[in-house]
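Enquirer: The structure's right below; bear with me while I get my questions together.
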Amino acid sequence: MTILQICQWLNDSPVGTSIRESDFSFDLIETAHVLGITLMAGTVAIFDLRLLGLALTRDEVSDVAGQVLPLTVAGFVLMVVSGTLLFWSEATKMYFNPAFRFKLVLMLAAGLNPLIFHRTVYRKVSIWELSQRTPAVAKTAAIVSLALWTSIIVSGRAIAYFH
Amino acid sequence: MKLRLAVFVAGASLLAAVPALAHHSFSAEFDGHKPVRLVGALTKVEWTNPHSYFYIDVKDDKGNVVNWGCEGGGPLALSRAGMKRGDLKIGDTIVVDGYLAKDGSHLIDARRVTLPDGRSVYGGSPGDGGPPDTSATSKK
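The structure is reproduced here in structure tokens:
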């Protein structure tokens, strides 16, 4: 089975079809998707701005992480569940959509960034946060994260502008 | 502090720019200066989100039949405008008033659809910034 065939199968499945042809579900799921992204990207941005020394500088980096991360996870779950349902209903169209393909690559990068960050420089956060000086590697990760999430939102919006 | 304010303002204006109703703006795809009226037999209906599509066979000046796509609002927008899914039957002759696509393809934005029973329904996407519905006060 090719990826296109899987997309067509999802697209034509009862779940995909009922969302695509629904009066309300599609709009409600779309709304949930935007709220999920807002919560996820918003809280990610708070943490990134803290790393860059631009927000919540009176709190330790690990303090901010502890307060913000649960909200990030909640936003992530809402975003992924709603995004999956939207994809399900338009899978064949999305397969051919250049903006969606670009967004997939960006999302992969946005997923790898925190994986690397948490396994490397963040492991020693308790040491460097005391010196009030964020390592350049951590600041780079923050800038990359802000740039990726901004691009993901823009390319997500751009999906509507391609046939 | 100034930078923080700047970041906040930039973020807030980005959020405000997200359109509340329309999936994409009218002008991204269609030309408001190129109105068109198509009359033809319905060949296919896609009653789908985020846009519905009606396909009709239209005869051009030389007598050739060309299949045109008409993009309309989603199922909810159309039902609220007074069109039900069953109102459109394959083979029916319908009249679609709309605007041509900018890319010159056989696609129009369906602003008003006139059904065989004479009912005229607004077919566009509400709030997409397209031209106003001039025949809104005409027969229902």
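Protein chains in written order, with numbering that gives the first Met the number 0: chain A, 0 to 162; chain B, 0 to 139. All C-beta atoms in this analysis are idealised placements derived from N, C-alpha and C, irrespective of residue type, glycine included.
For chain B, check one thing: does any of its Cβ atoms lie closer than 9 Å to the Cβ of E20 of chain A?
Expert: yes
Enquirer: Which residues in the same chain as I152 of chain A place their Cβ atom closer than 8 Å to its Cβ, once the five residues preceding and following it in sequence are excluded?
Expert: I36, A40
Enquirer: In or out: I158 of chain A buried (at least 16 other Cβ within 10 Å) or exposed?
Expert: With at least 16 other beta carbons inside 10 angstroms of its own, I158 of chain A counts as buried.
Enquirer: Checking 9 Å against the spacing of the C-beta atoms, do A137 of chain A and W127 of chain A come in under that value?
Expert: yes
Enquirer: Can you tell which of A:D62, A:I5, A:V33, A:A108 has its C-alpha closest to the C-alpha of V79 of chain A?
Expert: A:V33
Enquirer: Work out the CA separation of P34 of chain B and L107 of chain A for me, nearest whole Å.
Expert: 43 Å
Enquirer: Within 10 Å of its beta-carbon, does Y160 of chain A have 16 or more other beta-carbons around it, so buried, or fewer, so exposed?
Expert: exposed
Enquirer: Between F29 of chain B and D96 of chain B, is the Cβ-Cβ spacing less than 9 Å?
Expert: no
Enquirer: Do the stretch 71-82 of chain B and the stretch 120-133 of chain B touch if we need at least three Cβ pairs shorter than 8 Å?
Expert: yes
Enquirer: Checking 9 Å against the spacing of the C-beta atoms, do F46 of chain A and V76 of chain A come in under that value?
Expert: With contacts defined as CB atoms closer than 9 Å, F46 of chain A and V76 of chain A fail to qualify as a contacting pair.
Enquirer: Residues bridged to Y54 of chain B by DSSP?
Expert: B:K43, B:G68
Enquirer: Got a sec? Which residues, its chain only, sit under 8 Å from S61 of chain A by beta carbon, not counting five neighbours each side?
Expert: Result list for S61 of chain A: V124, S125, E128, in chain order.
Enquirer: Of all the residues that make up the stretch 38-66 of chain B, which are near chain A by a beta-carbon distance shorter than 8 Å?
Expert: W46, T47, N48, P49
Enquirer: Excluding the 5 residues preceding and the 5 following G90 of chain B in the sequence, name in chain order all residues of the same chain whose CB lies nearer than 7 Å to its CB.
Expert: A40, L41
Enquirer: Taking only the alpha-carbon atoms, compute the straight-line gap between V43 of chain A and A76 of chain B and give it to the nearest angstrom.
Expert: Those two C-alpha atoms are separated by around 35 Å.
Enquirer: For a contact defined as C-beta to C-beta under 7 Å, what are the partners of L75 of chain B on chain A?
Expert: D22, F23, D26
Enquirer: Scan the stretch 91-120 of chain A and note each continuous alpha helix (DSSP H) run of 4 residues or more that stays entirely inside, going in chain order.
Expert: Those alpha helix (DSSP H) runs which fall completely within the stretch 91-120 of chain A and span 4+ residues are 97-118.
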